[in-house]
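**Q**
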Amino acid sequence: MSKEMTGAEMVIQALADQGVDHLFGYPGGAVLPIYDALFHQNRIEHILVRHEQAAVHSAEGYARSSGKVGVVLVTSGPGATNAVTGLTDALMDSIPIVCITGQVATHLIGNDAFQECDTVGITRPCTKHNYLVRDVNDLARVLHEAFYVAQNGRPGPVVVDIPKDVQFAKGTYVGRENIEHKTYKPKLVGDADKIQQAVDMIAGAKRPIFYTGGGVINSGPAASRALRELARLTGVPVTSTLMGLGAFPAANGQWLGMLGMHGTYEANMTMHGCDVMVCIGARFDDRITGRLDAFSPGSKKIHIDIDPSSINKNVKVDLPIIGDCAKVLDAMLAAWKSQDRHIDRAALDDWWKQIDRWRGRNSLAYRLLPDTIKPQQAIERLYAATKDRDVYISTEVGQHQMWAAQFFRFEEPNRWLTSGGLGTMGYGLPAAIGAQIAHPEALCVDIAGEASILMNMQEMSTAVQFNLPVKIFILNNRYMGMVRQWQELLHGGRYSHSYSEALPDFVKLADAYGGVGIRCEKPGDLDGAIQEMINIKRPVIFDCIVDQQENCFPMIPSGRAHNEMILGDMAVDLDEAITDEGKMLV
Amino acid sequence: MSLVQDKTERHTLSVLVDNEPGVLARVIGLFSGRGYNIDSLTVSEVSHEGHLSRITIVTTGTPMVIEQIRNQLDRLVPVHRVRDLTVEAASLERELAMVKVRGTGEARSEALRLAEAFRARVIDATTESFVFEITGKSDKIDQFAVLMEPLGLVEVARTGVVAISRGPDAM
Ligand SMILES: Cc1ncc(C[n+]2csc(CCOP(=O)(O)OP(=O)(O)O)c2C)c(N)n1
Ligand SMILES: [Mg+2]
Numbered sequence: 002m003s004k005e006m007t008g009a010e011m012v013i014q015a016l017a018d019q020g021v022d023h024l025f026g027y028p029g030g031a032v033l034p035i036y037d038a039l040f041h042q043n044r045i046e047h048i049l050v051r052h053e054q055a056a057v058h059s060a061e062g063y064a065r066s067s068g069k070v071g072v073v074l075v076t077s078g079p080g081a082t083n084a085v086t087g088l089t090d091a092l093m094d095s096i097p098i099v100c101i102t103g104q105v106a107t108h109l110i111g112n113d114a115f116q117e118c119d120t121v122g123i124t125r126p127c128t129k130h131n132y133l134v135r136d137v138n139d140l141a142r143v144l145h146e147a148f149y150v151a152q153n154g155r156p157g158p159v160v161v162d163i164p165k166d167v168q169f170a171k172g173t174y175v176g177r178e179n180i181e182h183k184t185y186k187p188k189l190v191g192d193a194d195k196i197q198q199a200v201d202m203i204a205g206a207k208r209p210i211f212y213t214g215g216g217v218i219n220s221g222p223a224a225s226r227a228l229r230e231l232a233r234l235t236g237v238p239v240t241s242t243l244m245g246l247g248a249f250p251a252a253n254g255q256w257l258g259m260l261g262m263h264g265t266y267e268a269n270m271t272m273h274g275c276d277v278m279v280c281i282g283a284r285f286d287d288r289i290t291g292r293l294d295a296f297s298p299g300s301k302k303i304h305i306d307i308d309p310s311s312i313n314k315n316v317k318v319d320l321p322i323i324g325d326c327a328k329v330l331d332a333m334l335a336a337w338k339s340q341d342r343h344i345d346r347a348a349l350d351d352w353w354k355q356i357d358r359w360r361g362r363n364s365l366a367y368r369l370l371p372d373t374i375k376p377q378q379a380i381e382r383l384y385a386a387t388k389d390r391d392v393y394i395s396t397e398v399g400q401h402q403m404w405a406a407q408f409f410r411f412e413e414p415n416r417w418l419t420s421g422g423l424g425t426m427g428y429g430l431p432a433a434i435g436a437q438i439a440h441p442e443a444l445c446v447d448i449a450g451e452a453s454i455l456m457n458m459q460e461m462s463t464a465v466q467f468n469l470p471v472k473i474f475i476l477n478n479r480y481m482g483m484v485r486q487w488q489e490l491l492h493g494g495r496y497s498h499s500y501s502e503a504l505p506d507f508v509k510l511a512d513a514y515g516g517v518g519i520r521c522e523k524p525g526d527l528d529g530a531i532q533e534m535i536n537i538k539r540p541v542i543f544d545c546i547v548d549q550q551e552n553c554f555p556m557i558p559s560g561r562a563h564n565e566m567i568l569g570d571m572a573v574d575l576d577e578a579i580t581d582e583g584k585m586l587v
Numbered sequence: 019m020s021l022v023q024d025k026t027e028r029h030t031l032s033v034l035v036d037n038e039p040g041v042l043a044r045v046i047g048l049f050s051g052r053g054y055n056i057d058s059l060t061v062s063e064v065s066h067e068g069h070l071s072r073i074t075i076v077t078t079g080t081p082m083v084i085e086q087i088r089n090q091l092d093r094l095v096p097v098h099r100v101r102d103l104t105v106e107a108a109s110l111e112r113e114l115a116m117v118k119v120r121g122t123g124e125a126r127s128e129a130l131r132l133a134e135a136f137r138a139r140v141i142d143a144t145t146e147s148f149v150f151e152i153t154g155k156s157d158k159i160d161q162f163a164v165l166m167e168p169l170g171l172v173e174v175a176r177t178g179v180v181a182i183s184r185g186p187d188a189m
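Going down the list, the sequences are from chains X and R.
Residues 2 to 587 in this note's numbering are what the first sequence lists, from first letter to last.
Residues 19 to 189 in this note's numbering are what the second sequence lists, from first letter to last.
Have a look at this one:
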């Protein structure tokens, strides 16, 4: 299809052709023509956020929970710079986003015009790719390319910067069917010989593990299905990074829980002691490996990833397989079945016996108190009350995020929305809003800290305006708990500026926004209050007052190896636990 | 062991890119943002109709870092192809320099004699100066510049390295 229209009309047409139903945005001078074009149509629903950072996080929540591309529209200058945190977050966590930014007219670019900034310069390192469109006749192609680049290969954010005169100019629109990308053609199918080698290595293993990551989620539901099937057939234990939770069901007996800095004892010990590690769509990030030179020293490593630059970046692997997780896992499954392979039963049994001993350590145990709610307990009760519902959980960043990862149990992919790579406080509420837009009937809960939630609190207005019954479940410990925990471990308990003083009254705040506030302070009231929250079909802020001093364990201190974890009940000589070198790390 | 702490190596990479605005900034940003070394970088359009530019980068790093650099370059959207000429092919490397020398008398004739020995051409002359043009491998140019030092070396301008594989095939 090619047709004459204005640049602004092309934006709407291209979004419609790409199947976009929702757009998260905020207007301004440099995007007024696009807003005018939006006014004339009702194909695409525009969600007016209250801050451009939240527009991107909402689009991330939408994308992560639905598997679609999240789309953002913001103005030039401050609109674009406000979006930068969200873009960086999406880059780090490989979330497909198309972000359209307005720009001053082409003849003004470079003149320090009002609300001008070098958007492509600023966003170059925090996007997968970006474009400045100077000619309206390039616009349609660039927009379709942007969608292609955002979702193919390793997903990521793409910025399309459109000067205002280009939005007004008339040109020729081309449809998406006429676009083939010249250079960007990621490899999806793994090499057959490598897949065979992987099958041989797994079949020959005595102490295998599957270490999965966000790539399994990004690859789509087929990848999770293949992972489950391969785990069932091989009997191999499964752990996952923070980003990969839900790809493998928590209820399955082969599930070891999350690994890494705050992962379970059994997951980390299994990683440490394995002889064959299959890394699937994860990237050997420093939260996972701990001290690199002591990372799983005795294992042969297979690494399946769609991004060749993830291979051998931190850890040298024995068998890299470049390709899409679903395709590679399916190929491995097919080979495993057709060749009727098995892992040595006796060896695997011994391995599971060892793992069960580690499990027996019960590394997530915590002590209940009679009059004070434990944060872990709050998550466990939240889980118990919601597990039979269609539920999506987002988080902010801090201890509450780690407790949510440890204690909420995910059976399906795309249900868990968290800022892993960048660790962005303020992510959770807008992400929950995005998930709620994608799943209007579902229960969307942001598990929050009282400090983080204040970073994008203004999005309560968005929730109220669009009748989104999101729930903000604050584990209120009156501290930036994760910071306080590190100060306790590393800085002699000097809690420099990590207390949450002058907190708002969250119940009144909810009321002021037009939502509902609930406060809960006693363990005995917890179940009732959670039920009340679930029953309210409006946005709720749930202010759960929890133990102030609780630390998040287990923990691999920075600079330590997997087998040097600290468990909750041995947290005595914490100062000793971290080496001077470790203190340099974050 | 998993962690490799090998010694650093010098590699020459050839990168074929779409000649679009910002592509050089992407390449340079990658190096500065990730802390990789650039010893030399050259870029020029090589096909007008094909809209292609070729970038030659000389970089140093451990083998693991060089592999990273290669993969990171390869995943930039406008990049067509990346070749590590140091490992993938026998290759030729050349650099061009212009070398300005000021002097009279014995130093001046000595500069000229050395220039001949190095097959440098005189491309500008005054009664008290020469500009030499010299082409060759980088170490030859280094050596020439060192020799000119005591003879009145004023300044040097160098293009940086360009490289191509030997034999009949394209990169
Ligand atoms: C935007 C941003 N600024 C600073 C930090 C550093 N940081 C990490 S966790 C944390 C404290 C979070 O406190 P809270 O939201 O109350 O969560 P808690 O740890 O108490 O559960 C801080 C300041 C961050 N991750 N993101
Ligand atoms: Mg807190």
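Cβ atoms here follow ideal geometry from the backbone N, Cα and C, with glycine treated the same way.
Note that the structure is predicted; figures quoted are calculated from it, not measured.
Less than 8 Å between CB atoms is the rule here; does M19/R satisfy it with respect to chain X?
**A** Residue placement at M19/R is flagged as unreliable, the pLDDT there being 37, under the threshold of 50; a coordinate-derived value is accordingly withheld.
**Q** Quick check: the stretch 94-108 of chain X against the stretch 59-71 of chain X, are there 3 or more CB pairs under 8 Å?
**A** yes
**Q** Measuring alpha carbon to alpha carbon, tell me which of T74/R, F150/R, H66/R, Q86/R ends up nearest L103/R.
**A** T74/R
**Q** Check distances from the C-beta atoms of the stretch 123-134 of chain X to those of chain R and list, in chain order, the residues that come in under 9 Å.
**A** R125, P126, K129, H130, N131, Y132, L133
**Q** Could you say if the stretch 163-180 of chain R and the stretch 43-63 of chain R meet the contact criterion of at least three C-beta pairs nearer than 8 Å?
**A** yes
**Q** Give every residue of the same chain whose Cβ lies closer than 6 Å to the Cβ of N457/X, excluding the five residues on either side of it in the sequence, and list them in chain order.
**A** A55, G427, L430, P431, listed in sequence order.
**Q** From the beta carbon of M82/R, is the nearest beta carbon of chain X less than 8 Å away?
**A** yes
**Q** If you draw a straight line from the C-alpha of G399/X to the C-alpha of W487/X, how long is it?
**A** Near 11 Å, if we compare the C-alpha coordinates of W487/X and G399/X.
**Q** For the stretch 289-303 of chain X against the stretch 383-393 of chain X, are there 3 or more C-beta pairs whose distance is under 8 Å?
**A** No, the stretch 289-303 of chain X does not touch the stretch 383-393 of chain X.
**Q** Could you check whether the Cβ of L476/X sits closer than 7 Å to any heavy atom belonging to ligand 1?
**A** Yes; taking the cut-off as 7 Å, the Cβ of L476/X has a heavy atom of ligand 1 nearer than that.
**Q** Quick one: measure Cβ to Cβ for I519/X and A530/X, integer angstroms, because I've assumed they're closer than 8 Å.
**A** 6 Å
**Q** Which residue comes first and which comes last in the beta strand (DSSP E) that contains H304/X?
**A** 301-306
**Q** Distance check for T463/X and N48/X, CA to CA, integer angstroms please.
**A** For clarity, residue 48/X is Ile in the given sequence; the question names Asn instead. If you take the alpha carbons of I48/X and T463/X, they lie about 8 Å apart.
**Q** Determine the DSSP secondary structure at Q378/X, reduced to helix, strand or coil.
**A** Reduced to three states, the DSSP call for Q378/X is helix.
**Q** Considering only heavy atoms of ligand 2, does any lie closer than 7 Å to the CB of Y266/X?
**A** no
**Q** Quick one: does the C-beta of A406/X sit closer than 7 Å to a heavy atom of ligand 2?
**A** no
**Q** From the DSSP output, read off the bridge partner residues of K171/X.
**A** T7/X
**Q** Assuming G157/X and K186/X are in contact, meaning their beta carbons sit under 8 Å apart, how far apart are those beta carbons, in whole angstroms?
**A** Your pair G157/X and K186/X does not check out as a contact, with CB atoms roughly 16 Å apart and the cut at 8 Å.
**Q** Is it the case that the CB of A17/X approaches a heavy atom of ligand 2 more closely than 7 Å?
**A** no
**Q** Applying the 10 Å Cβ sphere with the 16-neighbour rule, what's the burial state of K314/X?
**A** Taking all protein chains shown into account, K314/X has 16 or more neighbouring C-beta atoms within 10 Å of its C-beta and is therefore buried.
**Q** Go ahead and label E397/X buried or exposed: buried means 16 or more other beta carbons lie within 10 angstroms of its beta carbon, across all protein chains shown.
**A** buried
**Q** State the start and end residues of the unbroken alpha helix (DSSP H) segment that holds G80/X.
**A** 79-93
**Q** Short check: CB of D36/R to CB of P81/R, under 8 Å?
**A** no
**Q** From I13/X to G221/X, what does the alpha carbon distance come to, in whole angstroms?
**A** 27 Å
**Q** Do V119/R and G170/R have their beta-carbon atoms positioned less than 8 Å apart in this structure?
**A** Judged by beta-carbon spacing, V119/R lies within the 8 Å limit of G170/R, meaning their Cβ atoms are closer than that value.
**Q** Which of the three DSSP states is assigned to S20/R in this structure?
**A** Only weak support exists for where S20/R lies, its pLDDT of 40 falling under 50; the value from the coordinates is given anyway. S20/R falls in the coil class under three-state DSSP.
**Q** How would you list, in chain order, the residues of chain X whose beta-carbon sits under 8 Å from the beta-carbon of R44/R?
**A** R125
**Q** Is there at least one non-hydrogen atom of ligand 2 closer than 7 Å to the beta-carbon of G291/X?
**A** Result no, Cβ not under 7 Å from ligand 2.
**Q** Could you round the C-beta distance between A268/X and L260/X to whole angstroms and report it? I think they count as a contact, below 8 Å.
**A** With a Cβ gap of about 4 Å, A268/X and L260/X count as contacting.
**Q** Are the beta-carbon atoms belonging to V167/X and T124/X less than 8 Å from one another?
**A** no
**Q** Quick check on A248/X: does DSSP put it in helix, strand or coil?
**A** Looking at A248/X - three-state DSSP - the assignment turns out to be coil, as it is neither helix nor strand.
**Q** Using a cut-off of 9 Å between C-beta atoms, extract the partners of D308/X located in chain R.
**A** Ordered by position in chain R, the residues that pass the 9 Å Cβ test against D308/X are N89, R93.
**Q** For the beta strand (DSSP E) holding E27/R, just list the boundary residues, first then last.
**A** 27-36
**Q** Could you check how far apart the C-beta atoms of L469/X and I434/X are, in whole angstroms? I think they sit under 8 Å.
**A** That belief holds up - the Cβ atoms of L469/X and I434/X are roughly 6 Å apart, short of 8 Å.
**Q** Quick one: is V97/R near chain X, going by C-beta distance under 8 Å?
**A** yes
**Q** Reducing DSSP to helix, strand and coil, say where S462/X ends up.
**A** In the structure shown, S462/X falls within a helical segment according to DSSP collapsed to helix, strand and coil.
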